[in-house]
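In terms of the working numbering, the sequence shown has 2 at position 2, counting the first letter as 1, and numbering is strictly consecutive. See below for the structure under consideration.
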Amino acid sequence: MWGNDVRFHVFAVGYMAPEYAMRGYLTDKADVYSFGILVLEIASGRNNTSYRSEEESFYLLDWAHLLKEQGNLLDLVDPRLGSDNKEEMMLTINVALLCCNATSTIRPTMSSVVSMLEGRAAVQILVSDPNASNNEMDAMMKHFESTLEMNTSESQIQTASSQDS
1 MWGNDVRFHV FAVGYMAPEY AMRGYLTDKA DVYSFGILVL EIASGRNNTS YRSEEESFYL
61 LDWAHLLKEQ GNLLDLVDPR LGSDNKEEMM LTINVALLCC NATSTIRPTM SSVVSMLEGR
121 AAVQILVSDP NASNNEMDAM MKHFESTLEM NTSESQIQTA SSQDS
């Protein structure tokens with residue numbers, strides 16, 4: 001059932017860890033990456049990707065990293081959530097960013113994530129692996145975009161053929 005559903009495939013691509021998308025390595029750390037993306041979506045109230053044209057593309061993780069660099073990480077938070085506890089929201093977003101590290105070995109384990117979210121462990125400092133290349137991330141984005149284009153074409157063909165029947 002899921003194999004034929006184009007929407008499910010497109011949905012899943014945006015949650016794939018870089019090592020899985022590029023080399024097919026599926027580990028527990030790939031699940032941690034997906035969890036981080038999901039937490040960013042919940043906190044921001046936005047989809048992780050929004051693909052229209054190249055100029056209008058939106059990647060939630062890129063936006064989160066930009067806001068963190070600018071010191072405006074709370075700008076990521078969906079205003080509908082209210083601003084009752086900014087400290088908890090900062091902790092949550094920082095944990096999500098740790099989970100979304102491009103290098104799997106730097107990502108925390110899921111048990112560490114739970115400990116950080118529960119306040120039983122300190123939130124680690126977000127470290128980017130100096131050996132992780134931007135080329136790998138660029139390649140992953142190109143893979144995502146080409147998969148999305150291919151699935152959109154398949155969907156259009158399926159729609160056209162069902163209208164002909």
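No residue lacks a Cβ here, since even glycine has one placed at the ideal position from N, Cα and C. Computed from a predicted model, the values in this text were never measured in an experiment.
With three or more C-beta pairs closer than 8 Å as the rule, is the segment 29–48 touching the segment 86–98? yes
Helix, strand or coil: which one does DSSP assign to residue 49? strand
Rounding to the nearest angstrom, what Cα-Cα distance links residue 66 and residue 47 in this structure? 17 Å
Whether residue 100 touches residue 61 by CB criterion (8 Å): yes
Under the assumption that residue 203 contacts residue 32 (Cβ atoms under 8 Å), give the Cβ distance between them as a whole number of angstroms. No statement about residue 203 is possible, as the shown extent of the chain runs from 1 to 165 and does not include it.
Here's the rule I'm using: 16 or more other beta-carbon atoms within 10 Å means buried, otherwise exposed. How should residue 92 be labelled? buried
Quick check on residue 15: does DSSP put it in helix, strand or coil? coil
Within the continuous alpha helix (DSSP H) that includes residue 25, where are the two ends? From DSSP, residue 25 is part of no alpha helix (DSSP H); its letter is neither H nor E.
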